[in-house]
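Data first, discussion second: the structure below is written as structure tokens.
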Amino acid sequence: MKYIIGLIIIVLSSMAFAATDVFTFDDEQQEQQFRHLTEQLRCPKCQNNSIADSNSMIALDLRQKVYELMKEGKSRDEIIDYMVARYGYFVTYNPPLTPLTVLLWAVPLVAIIIGGWVIFARSKKRIHLKPQSQAPLDVSRELITSHSSGWIFLPGIIVALIIAAVTYYHVGSYHKVGEWKLAYQHSAALLERALDPSEVPLTHEEMEQLALGLRTRLQEDPQNADAWGMLARIGIVLNNATMVKDAYAKAYRLKPNNTNIALGYAEILTRSSDPEDNRLGEEILSQLAKENPTNIEVLNTLAVNDFEQERYAEAISIWDKILKLLPENDLRRNMIGMGIERASMKIHEKKVGTKKP
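Encoded structure:
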């Protein structure tokens, strides 16, 4: 119940049903650029997969961010620079040549050269043996020297460890792991704030933290349909269509008979650029309307979809039904009336257009 209340609060606090297409491109060249970019960026979680091949949540977020940056007119290099700034050079399969990466490649080579020189020097020293009478004493001294000389490698080992630690800190994703842990720890408190209407609304950054923390908790409890629904609503606030679709799909598979979840999933599907998504969304909406013939939200969503699909007569019919269900003093009647007027104008425009020679 708590999650359901949270869904309502988040929906009312944002323009929840703003039209958001899922990866629509201006031309084929832009689509090819998107595909190449997502294939060149490494998933921070999967490591061996690109964000194009990974189905992890963070890969979905990165694909969405690449799409948004492309729509803003950012170039390939600018997008890669943005990702490197946030996730380090690890996110690219071909890190640039920097003093740090040169050092990373040079240290093993230098270690091999030094090690080879030490072995060669010690082998050459052993060749010069003393007379036989002194052999036992020399052997014992050599054994002592052999045991003690192992300490000469200690400075090199320490230097190698320091370099490895510094390299991991700068090139790896250590700071991102820290941010993830912080988001996970704060997610419960952020959720409480989101559920409390008397609290100050969450900022965009806090919403992102809540989404990250909630995704982490869902890794531990993937069967929590209400939590997936909550994540989808947060995705709406963040304008992350991919997150919304993915979260609603998981919630719907777990609770297909939940009206709120099914309605949210159907709406995001009807706004998709994929015709198959549109077909499935309409099927879900039709089924919901049969099962909930007096549910205003379900009927209005179905009417809006009919309007967008240019089925104006069907939209008017549904809106007329809604007007009969609404009380006379309900403020929503004005919005429904405006929808009917717009649909009627569209029908008139079509008729006039067909009469023209």
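Throughout the sequence shown, residue numbering follows mature numbering (1 follows the signal peptide of the UniProt record, and there is no 0), covering -18 to -1, 1 to 339 in sequence.
Think of the CB as a built atom: it goes at the ideal place given N, C-alpha and C, for glycine as much as any other residue.
Computed from a predicted structure; not experimentally measured.
Where Arg197 is concerned, the enclosing alpha helix (DSSP H) starts and stops at 186 to 202. Under DSSP, Leu23 takes part in a beta bridge, and its partners are Thr74. Tyr247 places its beta carbon 8 angstroms or farther from that of Ile278. In the three-state DSSP reduction, Ser32 falls in the strand class (E or B). Annotation for Gly263: the continuous alpha helix (DSSP H) segment containing it runs 257 to 273. A distance below 8 angstroms separates the beta carbons of Ile216 and Ala193. Contact check for Thr185 against Arg45 fails: the beta carbons are separated by 8 angstroms or more. Pairing Glu13 with Phe7, the inter-Cα distance amounts to about 6 angstroms. Boundaries of the alpha helix (DSSP H) around Gly211: 207 to 219. For the pair Ile250 and Val286, the CB atoms are not nearer than the 8 angstroms cut-off. Collapsing the DSSP output to three states places Glu279 in a helix.
Just measuring C-alpha positions, the residue of Ile322, Pro238, Arg314 sitting nearest Arg293 is Ile322.
Using a Cβ distance threshold of 8 angstroms, Leu213 and Leu196 count as a contacting pair.
Taking 8 angstroms as the cut-off, the beta carbon of Asp312 is found no closer than this to the beta carbon of Ile300. Pairing Pro26 with Tyr69 gives a Cβ-Cβ distance under 8 angstroms. Looking at Ala231, Arg253, Ser254, the one whose alpha-carbon comes closest to that of Ile243 is Ala231. Residue environment: Arg253 is assigned as buried (16 or more neighbouring CB atoms within 10 Å of its CB, all protein chains considered). With fewer than 16 other Cβ atoms from the protein chains shown falling within 10 Å of its own Cβ, Ile96 counts as exposed. Using a Cβ distance threshold of 8 angstroms, Ile318 and Ile329 do not count as a contacting pair. The beta carbon of Leu19 sits closer than 7 angstroms to those of Val48, Arg58, Ile61, all from its chain and outside the five residues before and after it, given in chain order. In the DSSP annotation of this structure, Leu308 is not part of any alpha helix (DSSP H), being labelled neither H nor E. The beta carbon of Leu262 sits closer than 7 angstroms to the beta carbons of Leu251 from its chain, once the five residues preceding and following it are set aside; these are given in chain order. One alpha carbon belongs to Val334, the other to Lys56, and they sit about 44 angstroms apart.
Nearest neighbour of Ile40 by Cα position, chosen from Asp228, Asp208, Pro238, turns out to be Asp228. Proximity to Asp208 across Asn240, Ala271, Asn260 peaks at Asn240, based on C-alpha coordinates. Leaving aside the five residues that flank Asn260 on each side, the residues in its chain whose CB is nearer than 7 angstroms to its CB run, in chain order, Leu251, Thr252, Ser254.
In the three-state DSSP reduction, Gln291 falls in the coil class, being neither helix nor strand.
Within 10 angstroms of the beta-carbon of Asn222 lie 16 or more other beta-carbons, which makes it buried.
Glu264 and Leu143 have their C-alpha atoms spaced approximately 59 angstroms apart. In this chain, Leu313 is not harboured by any alpha helix (DSSP H), its DSSP state being neither H nor E. Taking 8 angstroms as the cut-off, the beta carbon of Trp210 is found closer than this to the beta carbon of Ala233.
In this structure, the alpha-carbon of Arg324 lies about 13 angstroms from that of Asp302.
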